[in-house]
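S.K.:
In this note's numbering, the protein residues as written are 14 to 288.
Have a look at this one:
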């Protein structure tokens, strides 16, 4: 039986997950509904405590899942995925797809066996990242930089504002100045926000560096999950939504930017948790 178009709920702490939404728009069947929730009131997640984030995610998902009844939930945030996926899957009877740093991918493609990883400071310091290296890249040198500034710069780039190349270059310098850093031939993006800085990365790095952006592979996994779904009982036919947990810093610029992805309105989640 041919399934009707499904519904996806994508979540991130800010606009980073919209990079994955771009990939979803070109990967999923026509008519698939993609709702987006950004917890901008607590952005950036990489600076928050694990226990706070788990509690907050469970509460936010409780409301959104009950309201939208998605077929799959995409946690388009590396930090949230590394700490909360188990708790979310235990609580809710809906498939979850997460985003994790592309360590396994980097180990497959690196010829020098030295690769870099750009991530938030929260992702960089968590044991989960080291376990990925031990499991999939034990024969490689993985040089990690927890970059506090890049997520903010990526948000500016998404809104169409100029980004100072020197600030991006300073973050990249931490990779190449590390021991064995000059041998790096591959850099993985360990935060979905960083997609919006790809042009700057390519401009500022040696031309032979390969950048690995998980957005398309994640979108493909969401599609596989949708293809395996069973039909929901009748549900309310709600239009797509883009929802924030707090007021946008510049709603005019954000509305202009999200229009490129098919969203035309921004709503603020009523009853969102106080940070």
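Quick reminder that beta carbons are idealized off the backbone N, C-alpha and C, glycines included. Note that the coordinates shown come from a computational prediction; the quantities given were computed from them, not determined experimentally.
For residue 241, is the classification buried or exposed, using 16 other Cβ atoms within 10 angstroms of its Cβ as the cut-off for buried?
M.R.: exposed
S.K.: Taking the DSSP output, what are the residues bridged to residue 158?
M.R.: 131
S.K.: Which value, in whole angstroms, describes the spacing of the CA atoms of residue 81 and residue 23?
M.R.: 11 Å
S.K.: Let me confirm a value: residue 292 is counted as buried when at least 16 other C-beta atoms fall within 10 Å, else exposed. Which label applies?
M.R.: The structure shown has nothing for residue 292, since the chain only spans 14 to 288.
S.K.: Per DSSP, residue 85 is paired with what?
M.R.: 21
S.K.: What three-state label does DSSP hand residue 49 in the structure shown?
M.R.: Residue 49: strand per DSSP, three-state reduction.
S.K.: By alpha-carbon positions, which one of 116, 210, 181 ends up nearest to residue 291?
M.R.: Not covered by the structure: residue 291. The range shown for the chain is 14 to 288.
S.K.: Taking 8 Å as the threshold (C-beta atoms), are residue 110 and residue 235 in contact?
M.R.: yes
S.K.: Would you say the segment 191–201 touches the segment 212–222, given that touching needs at least three Cβ pairs under 8 Å?
M.R.: yes
S.K.: Using 10 angstroms around the beta-carbon of residue 158, count the other beta-carbons present and answer buried if the total reaches 16, otherwise exposed.
M.R.: By the C-beta density criterion, residue 158 is buried, having at least 16 other C-beta atoms within 10 angstroms.
S.K.: With residue 121 and residue 275 assumed to form a contact (beta carbons below 8 Å), what rounded beta-carbon distance in angstroms separates them?
M.R.: That pair is no contact at about 33 Å.
S.K.: Under the three-state reduction of DSSP, which class applies to residue 194: helix, strand or coil?
M.R.: Note: residue 194 maps to helix in three-state DSSP.
S.K.: Considering only C-alpha positions, which residue in the set 182, 126, 56, 167 is nearest to residue 146?
M.R.: Comparing Cα positions, the closest option is 126.
S.K.: Do residue 50 and residue 280 come within 8 Å of each other at the CB atom, strictly closer than that value?
M.R.: For residue 280 and residue 50, no; Cβs fall outside 8 Å.
S.K.: Give the DSSP-derived three-state secondary structure of residue 281 in the structure shown.
M.R.: strand
S.K.: Taking only runs that begin and end inside the segment 215–262, name each unbroken alpha helix (DSSP H) of 4 or more residues, in chain order.
M.R.: Positions of the alpha helix (DSSP H) runs, each at least 4 residues long and wholly inside the segment 215–262, are given as 228–240 in order along the chain.
S.K.: To the nearest angstrom, how far is the alpha carbon of residue 172 from that of residue 178?
M.R.: Spanning the two alpha carbons is a distance of roughly 16 Å.
S.K.: Suppose you measure from the CA of residue 55 to the CA of residue 167; what does that come to, to the nearest Å?
M.R.: 17 Å
S.K.: Starting from residue 199, follow the beta strand (DSSP E) in both directions and report where the run begins and ends.
M.R.: 199–202
S.K.: Among the residues of its own chain, which have a CB less than 6 Å from the CB of residue 41, if the five just before and after it don't count?
M.R.: 236
S.K.: Ignoring anything shorter than 4 residues or poking outside the segment 136–191, list the alpha helix (DSSP H) runs there in chain order.
M.R.: 140–149, 163–171, 178–189
S.K.: In angstroms, rounded to a whole number, what distance separates the CA positions of residue 251 and residue 217?
M.R.: 44 Å
S.K.: Is the segment 91–108 touching the segment 63–74, taking contact as three or more C-beta pairs under 8 Å?
M.R.: Yes: at least three Cβ pairs fall under 8 Å.
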